[in-house]
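Worksheet: one structure, shown below.
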Amino acid sequence: MAKNDLLGASLWDAYSNKVTTLMNSPKHQGELFEDEVTARGNKLIVADFGAESCGDAVRLYWEIDPATDTIVNSKFKSFGCGTAIASSDVMTELCIGKTVQEAVKITNIDVEFALRDEPNTPAVPPQKMHCSVMAYDVIKKAAGLYLGVDAESFEEEIIICECARVSLQTVKEVIKLNDLKTVEQITDYTKAGGFCKSCIKPGGHEAKEYYLVDILAETRREMDEAKMKAAADASAAGGAKFEDMTLVQQIKAVDAIIDENIRQFLIMDGGNMEIIDIKKNDEYIDIYIRYLGACNGCASSSTGTLYAIESTLKEKLSKSIRVLPI
Amino acid sequence: MQVYLDNNATTMVDPTVVEAMQPFFSEIYGNPNSLHKYGTASHKALSKAIDQVYKALNASDDDDIVFTSCATESNNWVLKSVWVDHILNGDKNHIITSEVEHPAILSTCKFLEEQGVKVTYLPVNHEGIIDPHTLKSFITEKTALVSIMWASNETGMIFPIKEIGEICKAKGVLFHTDGVQAVGKIPVDLQAVHVDFMSMSAHKFHGPKGIGALYIKNSQPLSPLLHGGDHMGGRRSGTLNVPYIVGMGKAIEIATTRIEEKMAYIRAKRDRLEDALLELDDTFVIGERDHRTPNTILISIKGVEGEGMLWDLNRSEIGASTGSACASEDLEANSVMLAIGADHELAHTGIRLSLSRFTTDEEIDFTIKQFKNAVERLRGISSSYAKQKPTKGGEVQECDLHHHH
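Line order of the protein sequences matches chains Z and A.
The opening position of the first sequence corresponds to residue 1 in my numbering, with each subsequent residue numbered one higher.
The opening position of the second sequence corresponds to residue 327 in my numbering, with each subsequent residue numbered one higher.
Okay, here's the thing in structure tokens:
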């Protein structure tokens, strides 16, 4: 929220002139009929995507020359808002003259780009990017019908955000590479989730198989595991840096040093000590200990003995260590 | 021709009202709390405005009608102060409202839920109104407040406020009504119904924006929302918005004087428009005419998406409204539309037309013509009216794409 957000953006003002023009008079709106197409020796493919009860629906018609698999003509019908109608119109235009195999490579991003007035100005406001996704989906479906394959087989990777066409792999890589902690950061880095917002979390406009919140949690867990594994490997190899150890490894390391260098002297004097907790802050690694038996209340426990413990740990493990008896 | 048919959103300020407000900007501008003559100069006009509002609503002199900045403020005031007075500092923990209230109620209730208040959102029947007996069954001894709108902004349906008021009175529960869509449109007699609090807003009845009021029966206790210099008897602080109070008084007086005549005048135009639009196939209107505010039509047009319809109407310079998800920032369908159901189609195909006393017969004729043209054009493009069936395997299951909640 800042000055520019005080007045909600005017939806229609964010449409490009092309969107407006095509909404007002779509060029390829209409139908192709089975008997006419067959009479011309061609094959008709008609595919639906969406439904009126969903809020948007499109029917795509392809007249295909079976000798060359070329789409010689294409029409559409659409139940939808202005951007849905304009997207459908541009979609059919992009299909005409292409082979089915070429047409299936047309994505919603191509459709949106074709609706732009200027190459760098989006044709529609972010939440309307969703309308162009239907164009892409219906093309895949039509191609699947013609080629006799499942529409999903055209998708080479798992797409998380259909509006921006961001894959699962990209999202995970970006999270790991940049140590991202929030969904907002994912959107800033990849644009995923910045449009219709359906992919952010369950309950949005469209139900999804994957949600950014889950991917983030899963990836963070993988990162933590990788970090732990690295620490364990390093520790096994003997070259672990104290700062990079997991908490359990740190406790074990401290205990080992105490056992080796300190504990025997305490026991000789009828005392002992235990480690209570280890807390890390920007400057220090604080090791909280408690004296037991004769050490408890011994004058040296806060002076000489403490100094011996702390300096030994500092020397063997890390210069940032402070030992705090409680 | 320009036709404004979105009067449930806001109205044109009646030029007579603007005229009444005019002297209180640069001529009579003193602070009414000041002792000098510049301050007291506005007292006569303020008293008159207060009288106009009390008379318009048939409020008793024992009641308070406190001017606020808008109905959103009035709604927030009641909900938050009942929370402070009866839940935080009392033994209640429950508020009842409906699923079809304005966001000023629903968002505030959501906020109160986050503070630990239990809120019941009552569903509505197929006509979009609350059944008083259903309401009664949800009232418990822990219920602090019932808040139900007087009339719906979306459908125009008038709620059974008299029955609900009697139930609340018998149960000893406070009753608030958001009267925004009722005041100035239908008779509101606050001595004929039992209402503890009522919110209203001047810009819905040809007064200016930025001024509203809260009615408080018998001047009963309700902690202030705005603390400050003890204006309005300490109930609502903030220097009195003199020109706007004067404007609200004038506007409510005009709207409620011979209101039956005005209603009949608007209703005749509304009914003519509605009859003409219903001549179109595959259309339906929500709610019995006689149970609606006389200016409102919510019509569903099969095969025509709401935002697309609004677009075409706008090209003809007709201003209307839609609850369609496509027209919203978050692509979420209007919750009121979903609550009144009609197989979710209404959520995508509903167009609201709301008239005013300034709507003319010529405007209605023009709207009928343009509306029919738009429906013809958009149904011509619509996949819902396509003839060639999909290739085998190319069909869709009804709404397999989206989920609704």
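For each residue, glycine too, the CB sits at the ideal point set by N, CA and C.
Everything numeric in this text was worked out from a predicted model, so none of it was measured.
Leaving out five residues on either side along the sequence, give the residues of the same chain with a beta carbon under 8 Å from the beta carbon of A/L727. Residue placement at A/L727 cannot be trusted, given a pLDDT of 44 that sits under 50; what the coordinates show is reported in the next sentence. For A/L727, there are no CB contacts under 8 Å within the same chain when 5 residues up- and downstream are skipped.
For Z/Y291 and Z/R322, believed in contact at Cβ under 8 Å, the rounded distance: Not a contact, Cβ separation roughly 16 Å.
Can you tell me where the beta strand (DSSP E) holding A/G676 begins and where it ends? Per DSSP, A/G676 belongs to the beta strand (DSSP E) from G676 to S680.
In the DSSP assignment, find the beta strand (DSSP E) that holds Z/E93 and state where it starts and stops. No beta strand (DSSP E) contains Z/E93, which is instead part of the alpha helix (DSSP H) from G82 to C95.
Is Z/E63 close to chain A? Criterion is C-beta to C-beta, closer than 7 Å. With 7 Å as the cut-off, Z/E63 does not count as an interface residue toward chain A.
Could you work out which residue in A/A577, A/A712 and A/L540 is closest to A/R561 when comparing CA atoms only? If we check each option's Cα against that of A/R561, A/L540 comes out closest.
Closer than 9 Å by beta-carbon distance: list the chain Z residues that pair up with A/K381, in chain order. Within chain Z, no residue comes near A/K381; the closest Cβ sits about 37 Å away, beyond 9 Å.
Interface residues of chain Z facing A/P358 [CB-CB closer than 9 Å]: For the C-beta of A/P358, not a single chain Z residue is nearer than 9 Å; the gap to the nearest is close to 31 Å.
Should A/M558 and A/V392 be called a contact, given that it needs their Cβ atoms to be closer than 7 Å? For the 7 Å CB-CB criterion, A/M558 and A/V392 form a contact.
Nearest-angstrom beta carbon gap, Z/S78 and A/S708 [assumed within contact, 8 Å]: The C-beta distance from A/S708 to Z/S78 rounds to 7 Å, short enough to meet the 8 Å contact threshold.
Residues in its own chain within less than 7 Å of Z/P202 by CB, not counting five upstream and five downstream? These residues qualify, in order along the chain: Y211.
Under DSSP, the alpha helix (DSSP H) around Z/R322 begins and ends at which residues? Here Z/R322 belongs to no alpha helix (DSSP H); instead the beta strand (DSSP E) covers I321 to P325.
For A/M338, does the count of other Cβ atoms within 10 angstroms reach 16, so buried, or fall short, so exposed? Result: exposed.
Compare the C-alpha of A/W637 against each of Z/A2, Z/K252, Z/V254 and Z/L22 and name the closest. Looking from the CA of A/W637, the closest CA among Z/A2, Z/K252, Z/V254 and Z/L22 belongs to Z/L22.
Spell out a yes or no on whether the region 378–391 of chain A and the region 567–584 of chain A are touching, meaning 3 or more CB-CB pairs, one atom from each, closer than 8 Å. As far as the Cβ criterion goes, the region 378–391 of chain A touches the region 567–584 of chain A, which means the pair count is three or higher.
Suppose the cutoff is 7 Å on Cβ atoms and the five residues either side in sequence are ignored; what does the same chain contact list for A/G365 look like? Taken in chain order, the residues that qualify are G356, N357, P358 and N359.
Quick check on the DSSP output: the beta strand (DSSP E) that includes A/M574 runs from which residue to which? Where A/M574 is concerned, there is no enclosing beta strand (DSSP E), although the alpha helix (DSSP H) it sits in stretches over V568 to T582.
Within 7 Å of any Cβ in chain A, is that where the Cβ of Z/D330 sits? The displayed coordinates of chain Z run from 1 to 326. Any statement about residue 330 of chain Z would go beyond what the structure contains.
Could you give the distance in angstroms between the alpha-carbon of Z/N281 and the alpha-carbon of Z/E315? Between Z/N281 and Z/E315, the C-alpha separation is close to 19 Å.
Would a check of beta-carbon distances place A/T460 closer than 7 Å to chain Z? By this cut-off, A/T460 is not an interface position.
Terminal residues of the continuous alpha helix (DSSP H) containing Z/V133? Note, Z/V133: alpha helix (DSSP H), M129 to L147.
So, at 7 Å on beta carbons, what are the nonlocal neighbours of A/H729 in its own chain, with the 5 sequence-adjacent residues on each side left out? The pLDDT assigned to A/H729 is 39, lower than 50, so where the model puts this residue is not dependable; a value taken from the coordinates is nonetheless given after this. Once the five neighbours on either side are set aside, A/H729 has no close Cβ partner at all.
Inter-residue Cα distance where the pair is Z/C81 and A/F501: If you take the alpha carbons of Z/C81 and A/F501, they lie about 41 Å apart.
Using only CA atoms, which one of Z/Y288, Z/I267 and Z/S198 lies nearest to Z/I276? Checked all of Z/Y288, Z/I267 and Z/S198; the closest Cα to Z/I276 is Z/Y288.
So within the region 366–412 of chain A, which uninterrupted alpha helix (DSSP H) runs reach at least 4 residues, ignoring any that extend past its ends? If only complete runs of 4 or more residues are kept, the region 366–412 of chain A shows the alpha helix (DSSP H) at 369–383 and 397–408, in order along the chain.
Under 7 Å, do Z/G304 and Z/G270 count as touching if we go by C-beta distance? Cβ distance not < 7 Å, so Z/G304 and Z/G270 don't count as in contact.
Hey, does A/A665 have any beta-carbon neighbour from chain Z nearer than 7 Å? Not closer than 7 Å to any Cβ of chain Z, the Cβ of A/A665 fails to qualify, so no.
Just to make sure I have the definition right: I need the residues of chain Z whose C-beta is within less than 8 Å of the C-beta of A/W637. Which are they? Here the neighbours are W12, M23, C81 and G82.
With distances taken from CA atoms, which of A/K468, A/G538 and A/V343 is nearest A/N401? Among A/K468, A/G538 and A/V343, the Cα nearest to that of A/N401 is on A/G538.
Best match in A/S424, A/Y711 and A/I465 for proximity to A/D607 [C-alpha to C-alpha]: For A/D607, the nearest C-alpha among the options comes from A/Y711.
Interface residues of chain A facing Z/A57 [CB-CB closer than 8 Å]: Among the residues of chain A, those whose CB is under 8 Å from the CB of Z/A57 are S709, S710 and V722, following chain order.
Considering only C-alpha positions, which residue in the set Z/I139, Z/K18, Z/V248 and Z/E209 is nearest to Z/D48? For Z/D48, the nearest C-alpha among the options comes from Z/I139.
Contacting positions in the region 24–48 of chain Z - beta carbon closer than 8 Å to chain B: As a matter of chain content, chain B is missing from the structure shown, whose protein chains are Z and A.
With C-beta atoms as the reference, is A/I623 less than 7 Å away from A/T609? No; because the gap between Cβ atoms is not below 7 Å, this pair is not in contact.
Express the C-alpha separation of Z/M228 and A/H731 in angstroms, rounding to a whole number. In this prediction, A/H731 scores a pLDDT of 33, lower than 50, which makes its location untrustworthy; no coordinate-derived value is stated.
Contacts that Z/K353 makes with chain A (C-beta to C-beta distance below 8 Å): Nothing in the structure corresponds to residue 353 of chain Z, since chain Z is present only between 1 and 326.
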